[in-house]
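For the sequence shown, the working numbering assigns the number 34 to the initial residue and increments by one for each residue that follows. No residue lacks a Cβ here, since even glycine has one placed at the ideal position from N, Cα and C. A short worksheet on the structure shown next.
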Amino acid sequence: MPGTHPATTTGYIISTYDISPDDVSTLLERFTVVPAATRSGGIPATGWARLAMALHPLHGSSDVLVIADLADGTSIVIDWGRKDYWRHGGTGLFPVEATMTNVRIYRAPGARLPFLVEKPDDLSTLLWYVGFHAFPDATAWWFADDCRYQLSRWPDFTSLEHDPDHVRMTALLGSGTYTAQELGQAAGVSPVAAQRLLNALGLMGLLRETPVLAGAPVVPTTERSRGLFGRLRARLGLI
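Structure representation (structure tokens):
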């Protein structure tokens, strides 16, 4: 009888009403390993950076599945089309510094995971976390040099772990274009803190880039920024 013996993929229980054990094996065979991205000098991406560099090019795609394996036994299964992910194994908490042993990907029209018993998490929460930790003291590799950034769409802060500085900087990005240095100065935080937020928003696909031009207009005034931030705080119920 279908559904009597659940199948598994990377340890996840799958409803056999949707797929058989043989189908699971066939699906996994279609995944290919994503080589670690490299930058100038041939230095390969490691840890969360390896996963970030594999995921960032997927924006605009829909029929993609990803499996990432960490050294601590954690597996991350991503259904990019549905914007869902599942986590299995490990300690139950993502490490700040991860050792990524494998990243596999499968692209095909209609590529979807079978129904997983575990409730998925919103993919945006994973992208936010990975974006913050992939390049802790540096600019994400996908950003061009000498660019300013502006918000193209608001993140859902109700589902993201954040602090007031993150909200403040996001509000500024919603009203003007900034380099990391300018954003940090306007928000009263370090350039590194500003860059980490930009990395996270960039991995989530929420930023627009514009080249830095000589004599470019100054970013919005402090008074305007404070007004926008105040309205945002009120909307979020923070005041």
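Nearest CA to the CA of residue 235: which residue from 84, 131 and 161? As a first step, residue 235 must be located in the sequence shown, where it is residue number 202. Selected option, being the one with the closest Cα: 161.
Residue 162, enclosing alpha helix (DSSP H) - first and last residue: By 1-based counting over the sequence shown, the position of residue 162 is 129. Here the alpha helix (DSSP H) through residue 162 covers 156-167.
Run the CB neighbour count on residue 126, radius 10 Å, all protein chains shown included, and call it buried at 16 or more, exposed below. Position 93 of the sequence shown holds residue 126. Classification of residue 126: exposed, given that the 10 Å Cβ count is below 16.
Close beta carbons around residue 32, own chain, < 8 Å, minus the five adjacent residues each side: Look at the range of the chain in this structure, 34 to 272, and you will see that residue 32 is not part of it.
Status (buried if at least 16 other CB within 10 Å, exposed otherwise) for residue 92: Translated into the one-based positions of the sequence shown, residue 92 becomes position 59. Residue 92 comes out exposed.
Would a C-beta distance cut-off of 8 Å place residue 184 and residue 207 closer than the cut-off? Along the sequence shown, one-based indexing puts residue 184 at 151. Along the sequence shown, one-based indexing puts residue 207 at 174. Yes, the pair counts as a contact, with Cβ atoms nearer than the cut-off.
Check for me: the beta strand (DSSP E) holding residue 133 runs from which residue to which? Walking along the sequence shown from the start, residue 133 turns up at place 100. Element bounds for residue 133: 133-140.
Please name the residue in 172, 133 and 195 whose C-alpha comes closest to that of residue 229. Locating residue 229 in the sequence shown gives position 196, where the first residue counts as 1. Measuring from the Cα of residue 229, the nearest candidate turns out to be 172.
Under 7 Å Cβ to Cβ from residue 132, same chain only, skipping five residues before and after it: list those, please. The residue labelled residue 132 in the question sits at position 99 within the sequence shown. Within the same chain, residue 132 has close Cβ partners 80, 103 and 104.
Taking the beta strand (DSSP E) that residue 241 belongs to, which residues open and close that run? For the purposes of this step, residue 241 is taken as the residue at position 208 of the sequence shown. Unbroken beta strand (DSSP E) run through residue 241: 240-244.
Are the beta-carbon atoms of residue 101 and residue 174 separated by less than 8 Å? Stepping through the sequence shown from its first residue, residue 101 is reached at position 68. Stepping through the sequence shown from its first residue, residue 174 is reached at position 141. Their beta carbons are not under 8 Å apart, which means residue 101 does not touch residue 174 by this criterion.
Here's the rule I'm using: 16 or more other beta-carbon atoms within 10 Å means buried, otherwise exposed. How should residue 111 be labelled? Start at 1 with the first residue of the sequence shown, and residue 111 comes out as number 78. Burial call: buried.
Pick helix, strand or coil for residue 198, following the three-state DSSP scheme. Walking along the sequence shown from the start, residue 198 turns up at place 165. DSSP places residue 198 in helix when its eight states are reduced to three.
Are residue 245 and residue 138 close, meaning C-beta to C-beta below 8 Å? Taking the first residue of the sequence shown as 1, we reach residue 245 at position 212. Taking the first residue of the sequence shown as 1, we reach residue 138 at position 105. No, they are not a contact pair.
Around the C-beta of residue 209, are 16 or more other C-beta atoms found within 10 angstroms, so that it is buried, or is it exposed? Translated into the one-based positions of the sequence shown, residue 209 becomes position 176. Classification of residue 209: buried, given that the 10 Å Cβ count is 16 or more.
Residue 78 versus residue 136 - alpha carbon distance: What you label residue 78 is simply residue 45 of the sequence shown in a count that begins at 1. What you label residue 136 is simply residue 103 of the sequence shown in a count that begins at 1. Going from the Cα of residue 78 to the Cα of residue 136 covers about 12 Å.
Does the Cβ of residue 72 have 16 or more other Cβ atoms within 10 Å, making it buried, or fewer, making it exposed? For the purposes of this step, residue 72 is taken as the residue at position 39 of the sequence shown. Classification for residue 72: exposed.
Looking only at C-alpha atoms, which of 203, 232 and 233 sits nearest to residue 220? Here residue 220 refers to the residue found at position 187 when the sequence shown is read from its first residue. Residue 203 is the option with its Cα nearest to residue 220.
Mind checking whether residue 118 and residue 156 have CB atoms under 8 Å apart? As a working mapping, residue 118 is identified with position 85 in the sequence shown. As a working mapping, residue 156 is identified with position 123 in the sequence shown. In this structure, residue 156 lies closer than 8 Å to residue 118 by Cβ.
Using alpha carbons as the reference points, say which of 215, 170 and 114 lies closest to residue 140. Locating residue 140 in the sequence shown gives position 107, counting from the first residue. Ranking the options by Cα distance to residue 140, first place goes to 114.
Please report the Cβ distance between residue 89 and residue 108, rounded to the nearest whole angstrom; I am assuming they are in contact, meaning their Cβ atoms lie under 8 Å. Counted from its first residue, the sequence shown places residue 89 at position 56. Counted from its first residue, the sequence shown places residue 108 at position 75. About 20 Å; that fails the 8 Å criterion.
Residue 251, DSSP secondary structure in three states: In the sequence shown, residue 251 corresponds to position 218, counting from 1. With a pLDDT of only 48 at residue 251, under the threshold of 50, the placement of this residue in the model should not be trusted, and no figure is reported.
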